[in-house]
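In what follows, a single structure is set out as structure tokens and then discussed.
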Amino acid sequence: MPRNNLIVLLLAAAGLFSSCGNGNHYSLTGNLPARYDGCLVKLTPATFYFSEEKTSPEDSVKIKNGKFQFNGAVQKPTVYMLTIDGVDYKIPDMASIAVVIEPGDITMEYDTLGIMVSGTPVNERYMATIGEAKRETVRQRQLLWHERDSVKRLPGSVENEVDNYYNLKSSTIFKENIIPASENFIREYAGTEIGEFFFFHCCGKDVYSKAFVDEVYPTIRPEIREQYEALIRARQEKQDYFMHSQKATEVGMPYREIVARTIDGKEIRLSDYVGKKQLILLDFWASWCIPCIQEVPLLKKLQEKYKNQGLQIMGVSVDSDREKWQGALDKHQPAGIQISELKGWESTARVDYGVQAIPFTVLIDASGKILARNPHGPLLEEIIEKYFSQK
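Below you can see the structure in the form of structure tokens.
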């Protein structure tokens with residue numbers, strides 16, 4: 227065989243061997259406490275939280291003897307979400323973890339401070355910046371909560387004031403640790419898919435320093451920026467409408483229509499009762515809201531006392547789970563007509579009445595005007611008694 231042809235064959239064989247080698251191979255090995263044995267671990271390509279794209283798990287495995295492992299090939303460092311079903315959430319960030327899949331052997335270790343990742347370049351750099359900042363944040367917050375609980379036990383301490391003070395300190399801990407670490411990591415990977423993902427995953431754009439945003443945000447692909455900005459516009463429009471709803475339902479303003487269904491599917495319109503009843507009490511509540519359930523006896527008492535004078539209670543549930551709503555109705559037997567859109571916090575009625583927290587009440591008089599906004603307990607009784615005494 228001519229020498230030149232032999233060289234060509236040898237080079238071709240070398241190329242074939244290289245393409246079949248382990249240059250793109252990765253392994254991801256996790257070590258967990260044995261109590262998580264049997265939990266399912268899923269590895270799914272990451273997407274931006276504001277993206278309409280939904281990905282499916284690429285691989286899944288069950289934890290056995292405190293370990294799990296994924297193996298495969300990847301062409302370039304790519305962000306995946308590792309989710310663990312059935313965990314007890316005692317380990318921070320355990321239920322859903324962003325991890326960079328890249329060639330090499332990746333190891334994930336867990337302890338009470340969170341996750342430690344090692345073995346490959348991007349993951350090592352992530353751990354040295356954001357990962358360590360997260361662990362330090364957890365460490366400082368653990369001490370903070372211990373201090374808070376001690377302060378609460380002191381004579382004369384006011385729980386809400388103590389909570390507000392320590393929540394503010396917790397926010398400061400986050401800002402001092404996570405933000406600079408995130409900026410350092412993202413800046414190193416600006417202009418790559420890694421940098422793009424963690425720019426939005428770590429913090430909000432309005433949380434980073436202005437200098438950092440001015441430097442890094444333009445390096446993100448225009449189509450990604452547009453998706454994000456569309457979300458921000460939609461959020462702002464939603465917030466503007468909510469603020470408008472609060473003003474539109476102040477005392478003296480006309481009621482706003484509510485259309486929802488009873489548990490058996492019958493459509494109910496608030497307008498069918500306004501004017502036909504002397505006073506309507508809207509009660510925004512949910513099956514999972516303990517303070518709401520605690521108000522049920524008072525509302526039953528009011529309904530019984532004033533029903534012959536024209537009081538109509540209308541419970542507006544902001545549940546999303548029909549079975550849980552049904553269970554609460556059966557167990558607690560709340561007063562009046564009970565309706566729901568089963569849209570949870572996205573309930574149109576909740577938004578239209580500017581309800582920021584529940585339980586929330588609205589009184590509507592016979593003319594359709596709002597008589598009172600969110601009275602409770604003795605004040606609610608007083609307003610209703612005064613209203614009917616003047617009739």
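According to the numbering used here, the stretch in the sequence shown is residues 227 to 617, in order. Ideal Cβ positions, reconstructed from N, Cα and C, are used throughout, including at glycine.
Beta-carbon proximity list for residue i, same chain, < 6 Å, skipping 5 on both sides
i      : result
Thr255 : Gln295, Thr333
Glu608 : none
Arg482 : Asp578
Gly491 : none
Thr304 : Ile327
Asn297 : Ser253
Ser513 : Asp545, Lys550, Trp551, Ala554
Ser573 : Val544, Glu567
Leu457 : Phe276
Tyr415 : Gly421
Ala260 : Gly292
DSSP bridge partner residues for residue i (one or two, in chain order)
i      : result
Leu254 : Phe296, Ile332
Val542 : Phe510, Ile565
Asp311 : In DSSP, Asp311 forms no bridge with anything.
Gly340 : Asp337
Val588 : Leu508, Arg599
Ile494 : Ala486
Lys288 : Leu266
Lys550 : Answer by DSSP bridge pairing: none, since Lys550 is not bridged.
Val384 : Note: Val384 sits in no beta bridge, so no partner.
Ile327 : Thr304
Leu537 : Leu505
Ser322 : Thr309
Pro480 : Lys595
Pro517 : Looking at the DSSP assignment, Pro517 forms no beta bridge with any residue, so it has no partner.
Pro271 : Tyr306
Val500 : Lys503
Candidates the options, of which the one nearest residue i by Cα
i      : options                        : result
Leu496 : Leu507, Ile484, Asp490         : Ile484
Ser282 : Lys268, Pro560, Ala416, Ile584 : Lys268
Ser322 : Tyr306, Arg548, Leu555, Leu508 : Tyr306
Ser546 : Trp511, Met540, Leu525, Leu605 : Trp511
Phe411 : Asn386, Asp432, Gly357         : Gly357
Tyr252 : Arg261, Val588, Val300         : Val300
Lys293 : Tyr336, Ser408, Ala575         : Tyr336
Leu555 : Cys518, Gly580, Asp578, Lys531 : Cys518
Tyr392 : Cys429, Ser376, Ala407         : Ser376
Glu419 : Lys612, Tyr443, Thr587         : Tyr443
Arg365 : Arg379, Asp389, Thr338, Asn390 : Thr338
Pro480 : Gly249, Tyr613, Arg599, Leu266 : Arg599
Leu560 : Gly249, Lys288, Gln538         : In the sequence as presented, Leu is not what sits at residue 560; that position holds Pro. Considering only alpha carbons, the answer is Gln538.
Glu611 : Lys527, Gly570, Val325, Ala260 : Lys527
Leu308 : Val287, Lys280, Ser277, Thr270 : Thr270
Leu266 : Lys464, Ser286, Ala416, Gly340 : Ser286
Ser277 : Leu524, Glu572, Arg451         : Arg451
Glu441 : Arg413, Arg447, Gln462, Glu449 : Arg413
Asp591 : Lys617, Glu530, Ala416         : Lys617
Thr475 : Gly249, Glu284, Gly580         : Gly580
Asp498 : Met540, Gln462, Lys464         : Met540
Cβ-Cβ separation, residue j to residue i (assumed contact under 8 Å), whole Å
i      : j      : result
Gly421 : Val500 : About 56 Å; that fails the 8 Å criterion.
Gln582 : Gln535 : Not really, about 31 Å apart at Cβ, beyond 8 Å.
Leu589 : Leu507 : 6 Å
Val348 : Glu373 : With 8 Å as the limit, Val348 and Glu373 do not qualify as a contact, their Cβ atoms being about 36 Å apart.
Ile516 : Gln564 : Contact doesn't hold; Cβ gap of about 18 Å is too wide.
Ile596 : Val522 : Between Val522 and Ile596 the Cβ distance is about 23 Å, and since that is not below 8 Å, they are no contact.
Ala324 : Ala272 : 6 Å
Thr355 : Ala437 : Actually they are not in contact, since the Cβ atoms of Thr355 and Ala437 sit about 18 Å apart, beyond 8 Å.
Gln524 : Asp509 : With the sequence shown as reference, residue 524 is identified as Leu, and Gln is not the correct amino acid for it. About 10 Å; that fails the 8 Å criterion.
Neighbourhood of residue i by C-beta, 8 Å cutoff - its chain only, sequence neighbours within 5 removed
i      : result
Tyr275 : Phe426, His427
Val439 : Lys431
Glu681 : There is simply no residue 681 to check, as the chain begins at 227 and stops at 617 in what is shown.
Ser435 : Ile405, Glu409
Asn257 : Gly292, Lys293, Thr333, Met334, Glu335, Tyr336
Phe400 : Thr363
Asp331 : Tyr252, Ser253, Thr255, Gly345, Thr346
His602 : Glu521, Pro585, Thr587
Pro604 : none
Glu385 : Lys378
Arg447 : Glu422
Close Cβ partners of residue i (< 7 Å) along its chain, the five nearest in sequence each way excluded
i      : result
Ser396 : Arg367, Leu370
Glu350 : Ser344
Ala575 : Ile484, Ala486, Val542, Glu567
Ser383 : Val377
Gly247 : Residue confidence for Gly247 is low, a pLDDT of 47 falling below 50, so the modelled location carries little weight; the figure read from the coordinates is stated next. Correct list: empty, nothing qualifies.
Phe614 : Tyr532, Gln535
Met194 : In the structure displayed, the chain extends from 227 to 617; residue 194 sits before or after that span and is not available.
Asn558 : Note on identity: in this sequence residue 558 is His, with Asn being the wrong assignment. So the qualifying residues of the chain are Ile519, Val522.
Ile494 : Ala486, Arg487, Thr488, Ile563, Ile565
Subject >> At least 3 beta-carbon pairs within less than 8 Å: the segment 464 to 473 vs the segment 548 to 563 >> reply: The segment 464 to 473 makes no contact with the segment 548 to 563, as fewer than three CB pairs between them are under 8 Å.
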